[in-house]
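Worksheet for the structure shown next.
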């Protein structure tokens with residue numbers, strides 16, 4: 047269950063017993079009446095997660111999915127139609143950090159160099175201009191402030207214990 051930016055609408059996740067069909071339903075908080083917002087199907091399994099962010103303008107949401115064979119970030123309209131795939135490639139988005147709507151950026155962790163390493167990136171809301179924030183060899187992870195102005199970087203590799211820095 048997750049609130050939308052409209053205080054009268056709640057998003058409810060529903061999944062079938064086989065876990066290969068997921069629906070996101072919009073529920074009216076007053077009446078309880080629901081309508082389908084989005085659905086995702088997979089022959090084998092749909093990974094359920096909390097990577098759902100409703101945009102403040104009320105016109106869409108960000109969602110991560112493995113529907114192209116790799117976990118990537120997608121932008122949808124509120125009626126569930128795909129606006130665009132924001133990330134793509136033969137690599138995984140391994141952590142979704144959030145959306146900085148003020149600067150129109152999405153922050154995430156990925157394994158673009160190797161499945162054994164993790165880098166931190168940003169990408170524009172239009173799916174262009176993907177930038178590396180940290181790609182030191184090993185594993186990089188971040189905890190961002192609510193305004194995305196600062197983050198705490200955790201870095202480690204096979205020969206180095208975790209180190210922390212404020213950026």
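In my numbering, the protein residues as written are 47 to 213. Every residue, glycine too, gets a C-beta built ideally from N, C-alpha and C.
- The C-alpha of residue 104 lies about 19 Å from the C-alpha of residue 69.
- Here the C-alpha atom of residue 196 lies approximately 26 Å from the C-alpha atom of residue 161.
- About 7 Å separates the CB atoms of residue 155 and residue 165; that is less than 8 Å, so the two are in contact.
- With contacts defined by Cβ atoms closer than 8 Å, residue 148 and residue 98 do not form a contacting pair.
- Per DSSP, the unbroken beta strand (DSSP E) holding residue 154 starts and ends at 151-156.
- Inter-residue distance for residue 177 and residue 169 is about 6 Å (C-alpha atoms, whole angstroms).
- Judged by beta-carbon spacing, residue 143 lies beyond the 8 Å limit of residue 82, meaning their Cβ atoms are not closer than that value.
- Rounded to whole angstroms, the separation of the alpha carbons of residue 125 and residue 86 is 13 Å.
- Assignment of beta-bridge partners to residue 130 by DSSP yields 121.
- Exposure of residue 128 is indicated by the presence of fewer than 16 other C-beta atoms within 10 angstroms of its C-beta.
- With fewer than 16 other CB atoms across the displayed protein chains lying within 10 angstroms of its CB, residue 95 is exposed.
- Nearest neighbour of residue 153 by Cα position, chosen from 50, 194, 76, turns out to be 194.
- A Cβ-Cβ distance of about 16 Å is found for the pair residue 137 and residue 120, leaving them out of contact under the 8 Å criterion.
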